[in-house]
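Numbering (our numbering), first residue to last: 49 to 296.
C-beta atoms are modelled at their ideal positions from N, C-alpha and C, and glycine is treated no differently.
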């Protein structure tokens with residue numbers, strides 16, 4: 049969006065950073081207000097229906113990891129190697145930045161000093177993959193794997209086709225159209241989803257109407273709908289719970 053609006057990258061980053069800080073403070077203040085000033089918060093019969101039905105499900109795993117068990121046991125007893133991922137992430141970002149910045153300079157120096165017979169294999173094996181880092185960012189790759197974890201390939205293939213068409217082909221071959229309409233179209237599609245959500249709510253949910261067809265029933269089919277997951281359920285051990293026998 050910053051590219052589309054011709055906002056300088058540094059100004060865009062500065063705006064995102066400041067907005068994230070302000071949002072974090074506001075969110076913390078809202079949570080503190082809700083927890084301290086709303087009576088019987090999260091009770092099933094709370095007067096204003098602040099019963100935390102959805103929040104308790106969304107944040108259950110995080111509450112267990114960071115609250116019930118605690119980070120010292122998670123990173124010290126369960127998954128001790130995970131604490132080194134912070135260092136690995138830092139080194140990965142530093143290495144990516146260094147190679148991207150100094151790789152072209154190293155290529156020029158090697159091309160000037162080495163014979164052509166030696167430089168060409170090195171250029172093909174080493175410097176050509178380094179040039180690919182221009183379009184690859186480790187944070188995006190890792191985040192993609194993180195989001196992909198509970199999904200299957202069909203969730204990514206459609207996005208891959210659309211991204212290739214709009215961000216590669218149209219950007220290179222229909223640049224004028226891409227600059228004028230690409231992000232307008234993306235914003236229009238996002239706004240359409242929000243608008244259709246409002247229409248669907250008042251049309252079939254506010255006064256519930258049963259709609260049974262393939263588009264509404266397919267979500268309950270296959271693995272996404274829970275079919276086959278019973279095979280993954282492990283019997284409860286004799287001690288009555290999962291986890292280590294003793295805590296360090």
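Annotated three-state conformation of residue 180 is helix, per DSSP. Per DSSP, the unbroken alpha helix (DSSP H) holding residue 227 starts and ends at 223-248. Here DSSP, grouped into helix, strand and coil, assigns residue 94 to coil. The three-state secondary structure of residue 206, taken from DSSP, is helix. Residue 230 sits close to residue 214, with the two beta carbons spaced by under 8 Å. Taking a contact to require three or more Cβ pairs closer than 8 Å, the region 154-166 and the region 116-128 do not qualify as touching. Here residue 170 is actually not in contact with residue 147; their C-beta atoms are around 15 Å apart, not less than 8 Å.
When the beta-carbon positions are compared, residue 141 and residue 186 come within less than 8 Å of each other. In its chain, beyond the 5 residues on either side, 158 and 159 have a beta carbon closer than 7 Å to the beta carbon of residue 167. DSSP, reduced to helix, strand and coil, places residue 100 outside both helices and strands of the structure shown, so it counts as coil.
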